[in-house]
Each structure stands twice: as C-alpha cells, then as structure tokens.
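The block underneath contains the structure these notes are about, expressed in structure tokens.
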Amino acid sequence: MNFKRKMLSLILLALLLALSKHHHRIKNQLQKMYICWNDHLEEPQLSAWFDPKKRPDVIATTGWLAPVIWEGTYNRQVLDKYYKRLNITIGLAVLVTGNFTRQYLKHFIKSADKYFMVGYNVVFYILMDNVYRLPYLELGPRRSFKTFFLSDRDYYQDPILRSMKNMESKIIRHIQYEVNFLFTMTSNQIFKKDFGVETLGQSVAQLHSWWYFKTPKDFPYERRVKSAAFIPFGQGDFYYHSGIIGGTPSNVLTFITQYLKGIADDRTNELDSTYERYLNKYFLINKPTRVLSPEYNWNPKFKTPPQIKHIKVVWLS
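With mature numbering (1 follows the signal peptide of the UniProt record, and there is no 0) applied, the sequence shown corresponds to residues -22 to -1, 1 to 295, in that order.
See below:
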C-alpha cells in the first residue's frame, strides 16, 4: 500500500511539473473555455451571418454546403459579437524563404498589421532562413510577433518542404497552445482591405484567382496515378491556391503531416509533385469548412472581372 501511495505521489508530482511549464498557456485556454461555458455561448448559425443569395453571380456555397466568402455575402458584426466575447487569438504564420526578401516581409507585416483581424489578439509567426532578412517591425496594439529561424540542417531541401517541416514542429511545441485559429501565408502578398473573422473556420481553403474562372477539366491537378497527389479526371471540386491555408492549429497540423507523408511516399516511387497539388488532393478528401473567394487572394496581372468587387489581398507573383 505504501508503495502504491509513493508511486501515486510521484505521478502527481510529475504532472504538476509538466503543468507548471505550460502554466500561462493552460490558464489562457481555461479562461476562454470558462467564458464559453459560463455564458452558454453558442456559435451563430450560418444563416445568421451568411446569405449566398446576395451574390447570385458567383458560387457562394459548395456542394457540401460550406460557405464561399465573397463581399456582400456575410455580416461581420454578428461574428464579431460572438468572437470578441471569447477573446480569441489568431495566429498568422508567414514563410520567408528563398527569394522572398526582407522588403517583401516588411510590406506584408505592415499591411497585415493594418488589415488582418482588426480588433483581435494576433500573433505573427515569422519563419525565415536568414536572420539578416528580418526588418524592423512596429506593430499596433494587441499584436505581437515571434521569429523562428529554419534549421541549417535541411538547407538544401526545397524551401516549402523545409518550411513545412519546421512549421509542423512549431505547431506541436508552441503554436497550438497560443492561438485559437491559425493562417499560413507566403510573404509575397499585400493586404488591401479588412481580412476579418468571416474567414475563420475549422479548415479554411483559398480559391485560386486564375483557375476559378476555368473549367475543372483544365485544372492542373496531379494526373500520375502512382503519385500521392493524384486526382483522376472527372474528380475535384475547385483548384485551391497554396498562398493561404487556415483553420484550427490541429487542422493545419493535420494537413502539414499529410503533405509530408505524401512527399515521403512519392519519393519511394521516385516521384515528386508540387506543394499546391498535394494541397488540392488533401482538400478533395478533407473538405474545407470555409472557402475564401478569389477576392482574398487576387493576382493584379489578371484583368479584374465584374465578380471581383472587393480585393482583400493582392498576390505578388
């Protein structure tokens, strides 16, 4: 009996030590859970803030009934009332590798500070491979940033693969304890208008500004049968852009894990596909719960069609 008591005491001590290391993170999460439980706060019904009938000129609802967010379809005030009660924190991870210079990063962060999730707690996670590319960053209230430098060990790997390996590690060790939602973006983008809580969801995908206006048979999916990214002709919903993905940290982590597995599986078959094709295969199987229209990632080189009414983010190709 004494032995069992000693063992129980040791287990409890180990748990207390583990909890103490993550005290602030756990306290923050518990406070948010308490608000939710104490106020019996329920997420607004989709019909309370989203009306696809206001945009009959575009696809505003997917075949699996997820909203496609276009200007005019949403009421952000309804969502603001809900999310501000929860005091959420949103993470924005930006990948700065290869030819993406510090000038890109400076413009990206400056525009994100002005337009990304205004009025909410935001943490910018900057993943970069060169310390000298970090510019001076001046942020507004309720905004902070953390810098993660990519390991030199994998220097000669593809920059996206290298970034995703590091991102996986950072989500597991840090990010999942610090934010409620997470977006990952590349730094060659500029925010032009408010990018708000209408974009939040369990799993968020971005429609490609070019391929949205093309027919599915023309989509550049991976067509090699042995590839992990393979999508056969006649299948596929949309063509998603790799510039923005989002959701809860656990969902973003699941995608990254599947992407890395796909890369590994293809290498055993001496194949290699693109990051964007793996992304499209993932969203074919794991349907996103929120889809962002091309307004949230528009390439200014294209002639702007009448469907694009309110450009939120510009893609610098």
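Where is the CB? At the ideal position from N, CA and C, for every residue including glycine.
{"Item": "Pull up the distance between the alpha-carbon of Gly118 and that of Lys239, whole angstroms please.", "Value": "39 Å"}
{"Item": "Assuming Arg151 is part of the alpha helix (DSSP H), what are its boundary residues?", "Value": "137 to 151"}
{"Item": "Would DSSP call Thr235 helix, strand or coil?", "Value": "helix"}
{"Item": "Between the alpha carbons of Glu200 and Thr40, how many angstroms are there, rounded?", "Value": "22 Å"}
{"Item": "In terms of DSSP beta bridges, what is Pro45 paired with?", "Value": "Thr39"}
{"Item": "Can you tell me which of the three DSSP states residue 297 falls into?", "Value": "As shown, the chain starts at -22 and ends at 295. That puts residue 297 outside it, with no answer to give."}
{"Item": "Using CA coordinates, which residue listed in Pro137, Lys59, His186, Asn108 is at the minimum distance from Phe126?", "Value": "Asn108"}
{"Item": "When the Cα of Lys279 is compared with those of Leu294, Ser271, Glu273, which residue comes out closest?", "Value": "Leu294"}
{"Item": "From Ile13 to Ile286, what does the alpha carbon distance come to, in whole angstroms?", "Value": "Unreliable positioning characterises Ile13 in this predicted model, as indicated by a pLDDT of 45, which lies under 50. The coordinate reading is nonetheless provided below. Roughly 38 Å between the two C-alpha positions."}
{"Item": "Hey, quick one: how far does the alpha helix (DSSP H) through Tyr253 stretch, first residue to last?", "Value": "253 to 263"}
{"Item": "Please classify Arg255 as buried or exposed, where buried requires at least 16 other C-beta atoms within 10 Å of its C-beta.", "Value": "buried"}
{"Item": "Would you list, in sequence order, the uninterrupted beta strand (DSSP E) runs of no fewer than 3 residues that lie entirely inside the segment 55 to 84?", "Value": "67 to 74"}
{"Item": "Using the C-alpha atoms, what's the distance from Leu105 back to Ser147?", "Value": "12 Å"}
{"Item": "Let me know the secondary structure DSSP gives Val182 once reduced to three states.", "Value": "strand"}
{"Item": "Please look up how many angstroms separate the CB atoms of Lys281 and Asn247, rounded, as I've assumed it's under 8 Å.", "Value": "The pair is not a contact, with the Cβ atoms about 40 Å apart (cut-off 8 Å)."}
{"Item": "Alpha carbon to alpha carbon, how far is Thr177 from Gln167? Give it in angstroms, no decimals.", "Value": "17 Å"}
{"Item": "Report, in whole angstroms, the separation of the C-beta atoms of Trp42 and Ser187, which I expect to be a contact under 8 Å.", "Value": "Rounded, the Cβ-Cβ distance is 22 Å, inconsistent with contact."}
{"Item": "Measure the alpha-carbon distance for Ser25 versus Val175 and round it to whole angstroms.", "Value": "16 Å"}
{"Item": "Taking only three categories from DSSP, how would you classify Glu200?", "Value": "strand"}
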